[in-house]
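J.:
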DNA sequence: ATGCCTCAGCTCCTGAGA
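In this note's numbering, the protein residues as written are 182 to 451.
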């Protein structure tokens, strides 16, 4: 089965591109079974449930006016949907989770953080700590867990087009990376790095300065899979093609393929 | 360079993003 995440920077603007992309994935191979979306920038009453239903997807959305907003699309039913981090009061719609098959899927839009030392950076740190504590519980309840979304954090210099120039700037600070590693320490794995990748493998490029054409990007969108799922992963890649669209999102989707058959037939012979 | 795009909205400017 195939799972993906994409920060689409306004679903109102990007809905046709999302539908096109899903169609394209089906046409060239396996359909995307689960898609996590971030930065919907719309309220739930404006969520295009019907358009996705016609494309074969059920949806769980958690929207908000103007900013943030996340959703999960799935070809199969979702249950136990939760919104944001339980026990962490937050005005912003950033997390949506669901049981899908025998997976626990968490889609997240991590805080940007703006600038080290700012109040928004402090909020990012608090949010990251709350996420870690909650995921620790979630993993104990369901070891088959996927955490994917716009993390707004790079793992290391390999994720940064100009590591020297951007050293210690937002998305690249030690504090953010320590938090990201603390998620990894829960028993999660950076799925992209499990497979060979192209050079300059980024998921976001600034709209300004022709950054995409100049390959000046960051890898800040991630798919983390739990230890139990790691042996089942068959591919994970960033698809930069939608970034070449006429009115693109500044982010590209990240796709994970896992061996769903072996999940379904676990314990049965052949 | 307090800039450069893009998006939403109490829309002809501002805040936020990354």
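Note that the Cβ used here is the ideal one computed from N, Cα and C, for glycine as well. Predicted model, so just to flag it, every value in this text is computed and none were measured.
1) Which residues does DSSP pair with residue 260 in a beta bridge?
2) Would you give the residue range spanned by the beta strand (DSSP E) that residue 253 belongs to?
3) Using only alpha-carbon positions, find the residue among 267, 350, 294, 344 that is nearest to residue 316.
4) Between the C-alpha atoms of residue 230 and residue 346, what's the straight-line distance to the nearest angstrom?
5) Report the rounded CA-to-CA distance for residue 444 versus residue 213, giving the unit in angstroms.
6) Could you tell me the boundaries of the beta strand (DSSP E) in which residue 417 lies?
7) Where does residue 185 land, buried or exposed, given buried means 16+ other C-beta within 10 angstroms?
8) Compute the beta-carbon to beta-carbon distance between residue 313 and residue 410, rounded to the nearest angstrom, for a pair I have assumed lies under 8 Å.
9) Hey, how far is the Cα of residue 259 from the Cα of residue 283?
10) When DSSP labels each residue in this structure, what does residue 433 get in the three-state scheme?
11) Taking the alpha helix (DSSP H) that residue 317 falls in, what are its first and last residues?
12) So the beta strand (DSSP E) residue 187 belongs to, where does it begin and stop?
13) Using only the alpha-carbon positions, how far apart do residue 308 and residue 288 sit?
14) If you run the structure through DSSP and keep just helix, strand and coil, what is residue 204?
15) Unbroken beta strand (DSSP E) runs of length 3 or more, entirely within the stretch 355 to 433: which are they?
16) Within 10 Å of its beta-carbon, does residue 365 have 16 or more other beta-carbons around it, so buried, or fewer, so exposed?
17) What ranges does the beta strand (DSSP E) occupy inside the stretch 321 to 345, keeping only unbroken runs of at least 3 residues that lie completely in it?
18) With DSSP as the reference, identify every bridge partner of residue 286, one or two as the case may be.
19) How long is the line joining the alpha carbons of residue 262 and residue 203, rounded to whole angstroms?
20) In its own chain, which residues sit with a C-beta less than 7 Å from the C-beta of residue 392, not counting the 5 before and 5 after it?
21) In or out: residue 219 buried (at least 16 other Cβ within 10 Å) or exposed?
22) In terms of residue numbering, what span does the alpha helix (DSSP H) encompassing residue 230 cover?
23) For residue 198, which of helix, strand or coil comes out of DSSP?
24) I think residue 211 touches residue 246, with their Cβ atoms under 8 Å apart; what is that distance to the nearest whole Å?
25) Could you tell me whether the Cβ atoms of residue 304 and residue 330 are closer together than 7 Å?
26) By how many angstroms is the C-alpha of residue 240 removed from the C-alpha of residue 253?
27) Measuring straight from C-alpha to C-alpha, what distance separates residue 403 and residue 435?
28) What does a CB cutoff of less than 6 Å around residue 191 pick up in its chain, not counting 5 residues either side in sequence?
T.: To lay it out plainly:
1) 280, per the DSSP bridge assignment.
2) Membership of residue 253 in the beta strand (DSSP E) is indicated by the continuous run 251 to 255.
3) Nearest option by C-alpha distance: 267.
4) Here the C-alpha atom of residue 230 lies approximately 43 Å from the C-alpha atom of residue 346.
5) Because residue 444 sits at a pLDDT of 45, beneath the cut-off of 50, its placement in the model cannot be relied upon, and the point is left open.
6) From DSSP, the beta strand (DSSP E) with residue 417 extends over 414 to 419.
7) Under this definition residue 185 is a buried residue.
8) Rounded, the Cβ-Cβ distance is 19 Å, inconsistent with contact.
9) Looking at the two C-alpha atoms, the distance is approximately 10 Å.
10) Per DSSP, reduced to three states, the secondary structure at residue 433 is coil, with no helix or strand assignment.
11) 300 to 322 is the extent of the alpha helix (DSSP H) around residue 317.
12) Looking at the DSSP string, the run of the beta strand (DSSP E) that includes residue 187 is 183 to 188.
13) Roughly 15 Å separates the two Cα atoms.
14) The three-state secondary structure of residue 204, taken from DSSP, is helix.
15) Segments of the beta strand (DSSP E) lying fully in the stretch 355 to 433: 369 to 371, 402 to 407, 414 to 419.
16) When all chains shown are included, residue 365 counts as exposed.
17) Taken in chain order, the complete beta strand (DSSP E) segments of 3 residues or longer contained in the stretch 321 to 345 are 326 to 331.
18) DSSP lists 279, 327 as partners of residue 286.
19) Distance between the alpha carbons of residue 262 and residue 203 is about 23 Å.
20) Only 386, 398 meet the Cβ criterion.
21) Buried.
22) That run of the alpha helix (DSSP H) goes 230 to 235.
23) In the three-state reduction of the DSSP assignment, residue 198 falls in the helix class, which pools H, G and I.
24) At roughly 36 Å, the Cβ-Cβ gap does not stay under 8 Å, so residue 211 and residue 246 are not in contact.
25) With a cutoff of 7 Å on beta-carbon distance, residue 304 and residue 330 are scored as not near each other.
26) Within the model, the alpha-carbon separation for residue 253 versus residue 240 is close to 6 Å.
27) So the alpha carbons of these two residues sit roughly 7 Å apart.
28) Counting only Cβ-Cβ distances below 6 Å, and skipping sequence neighbours, we find 222.
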